[in-house]
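Enquirer: Sequential numbering of the sequence shown, starting at 1, is according to UniProt numbering.
Take a look at this one; I'll ask things after.
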Amino acid sequence: MAAQRTIFLALGGNRARVVVEESARVVAGGGRATVVVDELTAWRGQRFAPGVRVVELARLQRAHLPVAAEQLIVHRAPRAALRVVGRGRLTGWSQRASRAYDRRIAGRVHRRLFLPVYHRLWGDVRHRLLRRQIAREGVDLLVVADPVSIPVAARLVLEDRICPNISYGLDTAAPSGTPPPA
Numbered sequence: 001m002a003a004q005r006t007i008f009l010a011l012g013g014n015r016a017r018v019v020v021e022e023s024a025r026v027v028a029g030g031g032r033a034t035v036v037v038d039e040l041t042a043w044r045g046q047r048f049a050p051g052v053r054v055v056e057l058a059r060l061q062r063a064h065l066p067v068a069a070e071q072l073i074v075h076r077a078p079r080a081a082l083r084v085v086g087r088g089r090l091t092g093w094s095q096r097a098s099r100a101y102d103r104r105i106a107g108r109v110h111r112r113l114f115l116p117v118y119h120r121l122w123g124d125v126r127h128r129l130l131r132r133q134i135a136r137e138g139v140d141l142l143v144v145a146d147p148v149s150i151p152v153a154a155r156l157v158l159e160d161r162i163c164p165n166i167s168y169g170l171d172t173a174a175p176s177g178t179p180p181p182a
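Shown next as C-alpha cells:
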C-alpha cells in the first residue's frame, strides 16, 4: 500500500500517465501526494485528481531572489517602459522594439552574463529548493518516476538522507516504516 506522504519526482515528464494514476491512488487511499515537475508545459494534457499537489521546480527557481531581481531589471522594467512610451500611433514600433530588445540584449545578458555568475555563486539551486520543499512537507515515500529524476533522487537520498523509502512506483515500494537497505 502507498505511504501516507508521497512525493513523485517526475522532472522528465515522459511517464506522465503513470504518475497521474499513481498520485490519484495515493489520494484515494487517504494519503497526501505531491508531484514535483520541472515545467508544467510538459504536463499540459494531464488532469490530476483533486487533492494532488503539483509543484513546478522552475517556478520555485524563478522565485529565487537573484533570478527574480534579474527578471525585473533586465526583462520586465524595459518592457514596461516601452509599453508606456509606445501608446497610440507608436504601439507597433513599441512592440517591435520590445521583441528586438528581448532578442538582442536581454537574452544575451541573461545567457552570457547572468547565468554564468549565478551558477558560480549559487551552484545547484534547484537541488536546494527541492530539498527544502521535501523537508517542509515531510515524506514517507519518494517515487522516482522517470530517468531524468534518478540523479536528483540519488543526490537527495545519498547526500541529504532526506527520505526513508525510495521506489520507482507504488507497486514496488517497501511497506511504510521499512528501513532502506544498507
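Positions of the beta carbon are idealized from the N, C-alpha and C atoms, including for glycine.
In this text the structure is predicted, and so the values were computed from the model without any measurement.
Excluding five sequence neighbours on each side, which residues of the same chain lie with their C-beta closer than 6 angstroms to the C-beta of Leu60?
Expert: The residues are Leu129.
Enquirer: Just to confirm my understanding: we take Val19, look at its own chain, exclude 5 residues before and 5 after, and list those with CB closer than 7 angstroms. What are they?
Expert: Hits under 7 angstroms: Phe8, Ala10, Val35 and Ala145.
Enquirer: For Glu21, which option in Gly31, Gln4 and Phe48 has the closest C-alpha, if you only look at C-alpha atoms?
Expert: Measuring from the Cα of Glu21, the nearest candidate turns out to be Phe48.
Enquirer: With Ala33 and Arg53 assumed to form a contact (beta carbons below 8 angstroms), what rounded beta-carbon distance in angstroms separates them?
Expert: Yes, Ala33 and Arg53 are in contact; Cβ-Cβ is about 7 angstroms, under 8 angstroms.
Enquirer: Buried or exposed for Glu70, please, with buried defined as at least 16 other CB atoms from any protein chain shown within 10 angstroms of its CB.
Expert: By the 10 Å Cβ count, Glu70 comes out buried.
Enquirer: Could you tell me which residues DSSP pairs with Ser159 in its beta bridges?
Expert: The residue you asked about is not Ser; residue 159 is Glu in the sequence shown. For Glu159, which the question treats as bridged, DSSP gives no partner whatsoever.
Enquirer: Buried or exposed: where does Thr6 fall if 16 or more other Cβ atoms within 10 Å of its Cβ makes it buried?
Expert: With 16 or more other Cβ atoms within 10 Å, it is buried.
Enquirer: Specify the secondary structure class of Ala10 as computed by DSSP and reduced to three states.
Expert: In the structure shown, Ala10 sits in a strand (DSSP, three-state: E or B).
Enquirer: Could you say which of Arg87, Gln4, Arg126 and Gly138 lies nearest to Thr152 if we only look at CA atoms?
Expert: According to the sequence as given, residue 152 is Val; it is not Thr. Nearest C-alpha to Val152: Arg126.
Enquirer: Determine the direct distance from the alpha carbon of Arg76 to that of Arg155, and round the result to whole angstroms.
Expert: About 35 angstroms.
Enquirer: Given that a residue counts as buried once 16 or more other Cβ atoms are within 10 Å of its Cβ, and exposed if not, what is Ile134?
Expert: Its Cβ being crowded by 16 or more others within 10 Å, Ile134 is buried.
Enquirer: Could you check whether Gly51 and Ser149 sit closer than 8 angstroms to each other, using their CB atoms as the reference points?
Expert: No, Cβ-Cβ distance for Ser149 and Gly51 is not below 8 angstroms.
Enquirer: Among the residues of its own chain, which have a CB less than 6 angstroms from the CB of Gln4, if the five just before and after it don't count?
Expert: Around Gln4: Gly31 and Asp140.
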